[in-house]
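Colleague:
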Amino acid sequence: FKIFLGGGLGNKSFVGHQLEEFTPEEDLLYTSIAVLRIFDRLGDRKNMARNRMRYLVNDMGWEKFQNLVLKERAIVRATQSVVTALEVDHTPSVIKRPIRISDESGSPNPDGYPRWLKTNTLKQKQSPYYSVFITLEAGDITSNQLSELATIIQEFSSEGHARAGFVQNIALRYVHEDDLPRLYLKLLTIGLAKSGALTMAAPIGCSGTTSCNLALTNSHRLAKEIQRKFLELNLDQDDDLRDSSIKISGCPNSCGQHGIATIGFFGGGGRVGKEMFPNYQMSLGGRSDGQTMLGATCHRIPAKRVIPVILKIIELFKQNKKSDDTLKDWIHRIVNGKEDSEIKSILDMRKALDSFTIPPTKEDDPDFYNDYGSDSSYHTKTGKGECAA
């Protein structure tokens with residue numbers, strides 16, 4: 004295994020450090036105990052807002068923290084009286100396909116099925132099984148849908164349960180290939196068959212001003228609007244965009260994971276004279292794969308211009324891409340100053356988007372001054388947070 008420590012998203016985010024080249028399975032528990040001991044011993048108990056491992060590592064320095072963990076692990080390994088095996092593989096020992104009266108209806112696949120199959124499923128190593136991902140609009144699901152979904156999960160997943168993903172979706176494993184059309188129809192019946200779950204068309208949005216006292220904008224509603232526009236334009240089927248992501252937070256605290264998005268946004272306020280309007284700070288090039296990095300600050304974008312700006316970025320990508328490029332690759336080169344097209348740097352991108360950031364007068368466009376989901380003029384109002392952000 005590879006273990007990373009000291010990373011995390013928040014008002015100030017950090018990329019984690021790899022503890023060592025390789026950690027064997029038998030050391031996972033020892034390492035975890037050692038890390039917890041060091042943090043418990045040295046964490047900031049006076050200022051709870053900074054009582055995060057990422058701040059401790061940043062203040063102390065990675066090499067010192069790394070050495071403390073490795074020394075503590077040796078002590079744990081030598082003194083631990085009971086060794087508990089750590090269960091890391093949840094693959095069923097026996098895969099039983101649910102019994103059906105009939106699997107074949109004789110009818111052709113329903114409309115929308117090929118699109119859903121492409122964007123919402125992954126073929127597992129265990130043939131002929133698939134993992135199926137159900138996209139939820141900004142994480143929303145009704146109680147009735149959840150109840151119906153529980154029945155569907157037991158019917159179609161050989162595991163009999165599902166997993167909630169950190170990208171606001173639900174994942175079913177071990178769905179038999181022959182059952183996929185019927186599963187799609189069932190999901191369609193309860194309104195959970197939207198395509199695009201594994202694509203850029205499934206943006207993440209935190210709860211925003213719909214329920215959070217710290218939020219400055221309605222990131223939750225903006226995520227829904229972006230998803231609807233992407234599906235309307237069939238952008239979920241564009242393979243050039245498939246591995247990219249859009250993530251939105253209603254404030255700088257990163258609950259929407261904006262720092263690791265291909266295109267990320269966090270909310271704030273803009274002003275024209277005495278009038279305020281919802282605004283977002285946009286970052287580009289964040290990623291959480293083997294080349295993990297935090298997004299680079301690009302521009303402040305008014306809320307009602309976010310969707311046009313995203314579409315403009317895609318348009319610029321299509322005009323300047325190399326034959327085998329994805330949007331993620333192209334933006335990564337721009338952020339790192341290695342692109343040789345019309346848009347060579349973050350500064351070039353900023354200039355290309357300048358026209359979208361000019362606010363109209365309230366008389367010319369009153370809707371510009373309202374946030375998504377609100378009919379009243381925007382103003383910032385925050386309260387005491389319910390979390391430790």
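Following the numbering used here, the numbering of the sequence shown begins with 4 at its first residue and continues without gaps. No residue lacks a Cβ here, since even glycine has one placed at the ideal position from N, Cα and C. Computed from a predicted model, the values in this text were never measured in an experiment.
1. So, with DSSP's three-state summary, where would you put Q230?
2. Does the beta-carbon distance from I207 to Q284 come in below 7 angstroms?
3. List in chain order: all unbroken alpha helix (DSSP H) runs of 4+ residues lying wholly within the stretch 144 to 232.
4. Which whole-angstrom value is the C-beta distance of E75 and I41, which I expect to be below 8 angstroms?
5. Assign Y132 to one of three DSSP states: helix, strand, or coil.
6. Just verifying my parser: in three-state terms, what is the DSSP assignment at A81?
7. Quick one: Cα of R224 to Cα of A81, how far?
8. Assuming contact is defined by CB atoms lying nearer than 7 angstroms, are T265 and S291 in contact in what I supplied?
9. Could you give the DSSP three-state label for I334: helix, strand or coil?
10. When burial is assigned at 16 or more other CB atoms within 10 Å of the CB, is A77 buried or exposed?
11. Whole angstroms are fine: how far does the CA of K232 sit from the CA of L186?
12. Nearest to G211 by alpha carbon, out of E235, I251, L238?
13. Where does N112 sit, in a helix, a strand or coil, going by DSSP?
14. Exposed or buried, which one is H302 when buried takes at least 16 other CB atoms within 10 Å?
15. Confirm, please, whether the CB-CB distance from A165 to L149 is below 7 angstroms.
16. For K126 and V178, what's the separation of their Cα atoms in angstroms?
17. For T138 and C209, what's the separation of their Cα atoms in angstroms?
18. Within 10 angstroms of the Cβ of D114, are there 16 or more other Cβ atoms? Answer buried if so, exposed if not.
19. I believe G253 touches S286 by the beta-carbon criterion, under 8 angstroms. Please report the beta-carbon distance rounded to the nearest angstrom.
20. Around the C-beta of H382, are 16 or more other C-beta atoms found within 10 angstroms, so that it is buried, or is it exposed?
21. Roughly how many whole angstroms lie between the Cα atoms of N339 and N237?
22. Excluding the five sequence neighbours on either side, which residues of its own chain have a C-beta within less than 6 angstroms of the C-beta of F7, listed in chain order?
23. Would you call the CB atoms of G199 and T124 closer than 7 angstroms?
24. Quick check on the DSSP output: what are the complete alpha helix (DSSP H) runs of length 4 or more inside the stretch 313 to 372, in order along the chain?
25. Per DSSP, M279 forms a beta bridge with which residues?
26. Given this structure, state the Cα-to-Cα distance separating F269 from D357, to the nearest angstrom.
27. How would you write the range of the alpha helix (DSSP H) that R57 sits in, first residue to last?
28. Given a cut-off of 7 angstroms on the beta-carbon distance, is the pair I346 and N323 in contact?
29. State the CB to CB distance for the pair R152 and L195, rounded to an integer number of angstroms; the pair is presumed to be in contact (CB under 8 angstroms).
30. Does DSSP classify T122 as helix, strand or coil?
31. Mind checking who I304 pairs with in its DSSP beta bridge?
Modeller: Once the coordinates are examined:
1. Along the sequence shown, one-based indexing puts residue 230 at 227. In this structure, Q230 counts as helix in the three-state DSSP scheme.
2. One-based indexing of the sequence shown puts residue 207 at position 204. One-based indexing of the sequence shown puts residue 284 at position 281. Contact flag unset, no.
3. Within the stretch 144 to 232, the complete alpha helix (DSSP H) runs of at least 4 residues are 146 to 159, 183 to 192.
4. Position 72 of the sequence shown, counted from the start, is the residue given in the question as residue 75. Position 38 of the sequence shown, counted from the start, is the residue given in the question as residue 41. 6 angstroms between Cβ atoms; contact.
5. To locate residue 132, count along the sequence shown from 1; it is residue 129. Note: Y132 maps to strand in three-state DSSP.
6. One-based indexing of the sequence shown puts residue 81 at position 78. In the displayed model, A81 falls within a helix according to three-state DSSP.
7. The count along the sequence shown starts at 1 and reaches residue 224 at position 221. The count along the sequence shown starts at 1 and reaches residue 81 at position 78. C-alpha separation (whole angstroms): 53 angstroms.
8. Working through the sequence shown from its first residue, we reach residue 265 at position 262. Working through the sequence shown from its first residue, we reach residue 291 at position 288. Going by C-beta atoms, T265 is not nearer than 7 angstroms to S291.
9. On the sequence shown, position 331 is the one that residue 334 refers to. Assigned with DSSP and collapsed to three states, I334 falls in helix.
10. In the sequence shown, the residue the question calls residue 77 occupies position 74. When all chains shown are included, A77 counts as exposed.
11. One-based indexing of the sequence shown puts residue 186 at position 183. One-based indexing of the sequence shown puts residue 232 at position 229. The straight-line gap from Cα to Cα measures roughly 25 angstroms.
12. As a first step, residue 211 is located in the sequence shown; it is residue number 208 there, counting from the start. Ranked by Cα distance from G211, the first of E235, I251, L238 is I251.
13. Stepping through the sequence shown from its first residue, residue 112 is reached at position 109. Three-state DSSP puts N112 in coil, outside helix and strand.
14. Translated into the one-based positions of the sequence shown, residue 302 becomes position 299. The residue in question, H302, is buried, as its Cβ has 16 or more Cβ neighbours within 10 Å.
15. By one-based count along the sequence shown, residue 149 stands at place 146. By one-based count along the sequence shown, residue 165 stands at place 162. Contact: no.
16. Working through the sequence shown from its first residue, we reach residue 126 at position 123. Working through the sequence shown from its first residue, we reach residue 178 at position 175. Rounded to whole angstroms, K126 to V178 spans 10 angstroms at the Cα level.
17. Mapped onto the sequence shown, residue 138 falls at position 135. Mapped onto the sequence shown, residue 209 falls at position 206. Answer to the nearest angstrom: the Cα atoms are 15 angstroms apart.
18. Position 111 of the sequence shown, counting from 1, holds the residue named residue 114. Looking at its Cβ environment, which holds fewer than 16 other Cβ atoms inside 10 Å, D114 is exposed.
19. Residue mapping note: residue 253 aligns to position 250 of the sequence shown, counting from 1. Residue mapping note: residue 286 aligns to position 283 of the sequence shown, counting from 1. Between S286 and G253 the Cβ distance is about 15 angstroms, and since that is not below 8 angstroms, they are no contact.
20. Translated into positions along the sequence shown, residue 382 becomes position 379. With fewer than 16 neighbouring CB atoms inside 10 Å of its own CB, H382 falls in the exposed class.
21. By one-based count along the sequence shown, residue 339 stands at place 336. By one-based count along the sequence shown, residue 237 stands at place 234. Distance between the alpha carbons of N339 and N237: 30 angstroms.
22. Start at 1 with the first residue of the sequence shown, and residue 7 comes out as number 4. Answer for F7: G19, Q21, listed in chain order.
23. Here residue 199 is taken as the residue at index 196 of the sequence shown, counted from 1. Here residue 124 is taken as the residue at index 121 of the sequence shown, counted from 1. Between G199 and T124, the gap from beta carbon to beta carbon reaches 7 angstroms or more.
24. Whole alpha helix (DSSP H) segments, 4+ residues: 330 to 338, 349 to 356.
25. Numbered from its first residue, the sequence shown carries residue 279 at position 276. Note: M279 sits in a beta bridge opposite R274.
26. As a position in the sequence shown, residue 269 is number 266, starting the count at 1. As a position in the sequence shown, residue 357 is number 354, starting the count at 1. Distance between the alpha carbons of F269 and D357: 18 angstroms.
27. On the sequence shown, residue 57 is found 54 positions in, with the first residue counted as 1. Going by DSSP, R57 is part of the alpha helix (DSSP H) stretching over 56 to 63.
28. Within the sequence shown, residue 346 is the residue found at index 343, counting from 1. Within the sequence shown, residue 323 is the residue found at index 320, counting from 1. Going by C-beta atoms, I346 is nearer than 7 angstroms to N323.
29. Locating residue 152 in the sequence shown gives position 149, where the first residue counts as 1. Locating residue 195 in the sequence shown gives position 192, where the first residue counts as 1. The sequence as given places Leu at residue 152; Arg does not occur at that position. The Cβ separation is near 6 angstroms, so the contact holds.
30. Position 119 of the sequence shown, counted from the first residue, corresponds to residue 122. Correct three-state label for T122: helix.
31. For this step, residue 304 is matched to residue 301 along the sequence shown. I304 pairs with Y283.
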